[in-house]
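Accompanying notes for the structure given below.
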Amino acid sequence: MQGFGATGQNDGMDPLVAPVAALSPWRTRLGSRTAALSDVGGIGLRRLAASRVLVVGAGGLGAPVVAYLAGVGRLTVVDPDVVDASNLARQTLFTAADVGSSKAEVAVARARAVDPELDAVAVVGSFTPELVAGHDVVVDAADSVLVTRAVSDACADAGVPFVWGTVLGHDGQVSVFRDAGPDGVDFHDLHPEALPDEGSCALDGVVPALCGAVGAVMAGQVLALVTGTGEPLLGRVLTVDARRWRWSESPVRRGPASHRPVVVAPARTDRIAPSALAARLADPADPVVVVDVRTDAERADGVVAGAVTDDAVTGDAEAADVVVYCARGPRADAWAAAQPAWRHVAVLDGGFEAWRREGLPVVNGLMS
27 MQGFGATGQN DGMDPLVAPV AALSPWRTRL GSRTAALSDV GGIGLRRLAA SRVLVVGAGG
87 LGAPVVAYLA GVGRLTVVDP DVVDASNLAR QTLFTAADVG SSKAEVAVAR ARAVDPELDA
147 VAVVGSFTPE LVAGHDVVVD AADSVLVTRA VSDACADAGV PFVWGTVLGH DGQVSVFRDA
207 GPDGVDFHDL HPEALPDEGS CALDGVVPAL CGAVGAVMAG QVLALVTGTG EPLLGRVLTV
267 DARRWRWSES PVRRGPASHR PVVVAPARTD RIAPSALAAR LADPADPVVV VDVRTDAERA
327 DGVVAGAVTD DAVTGDAEAA DVVVYCARGP RADAWAAAQP AWRHVAVLDG GFEAWRREGL
387 PVVNGLMS
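So the number in the working numbering is just where the residue sits in the sequence shown, counting from 1, plus 26.
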């Protein structure tokens, strides 16, 4: 990895942007504590003022990122969602008064309240590759595998580095990806196999303070990249275990030149349409075991008739096919991929949401 010079400057990573000619008195005062760092100084603050940063996602990670980006020249925040009361404990940009408002618009308003000279734009919608143009660095705070792959490809095509972070439960990760150059890496080098989105804060929970910790590190990576100071996490993944509050680091190495995957679901997993499963369940001559891998809270809204929990799948499954479902599919994919090779498992296409959408029978309670 890159080394350090006598001043602490990162010898192997040039600053991303040229500095502005001068700072206003307000910007000088706003960034005075940052400029006091010996390896940043006034020129680093002027580089920050010239930077153009795109933040994808204004939720648990995006909120602290935006809060710690005071001093950037232009900030674009992208998010299609609105603020919900369940967000407030971990998404510290928002208050109860913001419930129902656009996350992107509120985030931009908060950033402008801190720095009235900030050029800030809210994009109320999903990420599209065209948004990368005109930015020096992208922050992927959407915490979605599908969005991250789209960001990774768009940034590789545009030659723009991006900062990535993820949190779920008690675990978080941060890294920096830059596809350019022989030593560059992108998200596909970390996960060369195509993966579905697995889990969510709504279903699996998250430690609120973990969002702030990971988001703060992500914002720090932006400062390092823009000013050329310190050693950004390029080629390294920083992992935090919030159960024991331990941090560890692992390397990411360059993979094959053409390794962008095109398959989202694990290749070995078959799919079955809701109507096809309903037909099989109605045929006593066609035995099938239906497994529900959702949480108890989700099951309270109803289950597929005859479904069992995953721990109830024993020897009975040897004589019958197994169909597994979750809310939409990703958790069912993961469960199916972990089953022994001799067990034939199919995933209910679209999950329980698709089953219910098609008006198929729903009952209360799982089979014992």
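Think of the CB as a built atom: it goes at the ideal place given N, C-alpha and C, for glycine as much as any other residue. Computed from a prediction, not measured in an experiment: that's the story for all the values here.
> Does DSSP classify residue 131 as helix, strand or coil?
Replying inline: helix
>> For the region 141-160 against the region 260-269, do three or more pairs of beta-carbon atoms, one drawn from each stretch, fall closer than 8 Å, so that the two count as touching?
In response: Touching, no.
> Between 107, 114 and 103, which lies nearest to residue 137 when the distance is taken from Cα to Cα?
Replying inline: 103
> Taking the alpha-carbon positions, what's the residue 350 to residue 362 distance?
Replying inline: 7 Å
>> Bridge partners for residue 379 per DSSP, in chain order?
In response: Its beta-bridge partners do not exist; DSSP assigns none.
> Among 370, 310, 355 and 328, which one has its Cα closest to the Cα of residue 339?
Replying inline: A check of alpha carbon separations from residue 339 across 370, 310, 355 and 328 identifies 370 as the nearest.
> In whole angstroms, what separates the C-alpha of residue 215 from that of residue 191?
Replying inline: Rounded to whole angstroms, residue 215 and residue 191 show a C-alpha spacing of 15 Å.
>> Nearest by alpha-carbon distance to residue 39: which of 259, 130, 236 and 125 is it?
In response: 259
> CB-CB under 7 Å to residue 69, same chain, minus the five flanking residues each way: which ones, in chain order?
Replying inline: 45
> Expressed to the nearest angstrom, what Euclidean distance is found between the alpha-carbon atoms of residue 263 and residue 201?
Replying inline: 5 Å
> For residue 143, which residues of its own chain have a beta-carbon under 8 Å away from its beta-carbon, when the five flanking residues on both sides are left out?
Replying inline: 50, 52 and 53
>> I'd like the ranges of any beta strand (DSSP E) spanning at least 3 consecutive residues and lying wholly in the region 155-227.
In response: Runs of beta strand (DSSP E) with 3 or more residues, each lying fully within the region 155-227, are found at 163-166, 188-194 and 197-203, listed in chain order.
> Is the beta carbon of residue 117 less than 8 Å from the beta carbon of residue 189?
Replying inline: no
> Among 61, 84 and 90, which one has its Cα closest to the Cα of residue 239?
Replying inline: 90
>> For a test of the three-state rule: what should DSSP assign to residue 325, helix, strand or coil?
In response: helix
> Closest by CA to residue 301, which one among 127, 159, 163 and 386?
Replying inline: Shortest Cα-Cα distance from residue 301 to any of 127, 159, 163 and 386 involves 386.
>> Given a cut-off of 8 Å on the beta-carbon distance, is the pair residue 376 and residue 357 in contact?
In response: no
> What first and last residue would you give for the beta strand (DSSP E) that runs through residue 297?
Replying inline: 296-298
>> If you reduce the DSSP assignment to three classes, tell me which class residue 64 lands in.
In response: coil
>> Suppose the cutoff is 6 Å on Cβ atoms and the five residues either side in sequence are ignored; what does the same chain contact list for residue 193 look like?
In response: Cβ-Cβ distances below 6 Å link residue 193 to 232, 236, 237 and 240 in the same chain, with the five nearest sequence neighbours on each side left out; the list follows chain order.
> Which one of 64, 71 and 65 has the shortest CA to CA distance from residue 56?
Replying inline: 71
>> So, at 7 Å on beta carbons, what are the nonlocal neighbours of residue 140 in its own chain, with the 5 sequence-adjacent residues on each side left out?
In response: 96
> Where DSSP assigns a beta bridge to residue 152, which residues make up the other side?
Replying inline: The partner list for residue 152 (beta bridge, DSSP) is empty, contrary to what the question assumes.
> With residue 82 and residue 168 assumed to form a contact (beta carbons below 8 Å), what rounded beta-carbon distance in angstroms separates them?
Replying inline: 5 Å
> Using DSSP with H/G/I as helix, E/B as strand and the rest coil, what is residue 369?
Replying inline: coil
> Would you call residue 253 buried or exposed, if buried means 16 or more other Cβ atoms sit within 10 Å of its Cβ?
Replying inline: buried
>> Do residue 186 and residue 164 have their beta-carbon atoms positioned less than 8 Å apart in this structure?
In response: yes
>> According to DSSP, residue 146 sits in a beta bridge with which residue or residues?
In response: 101
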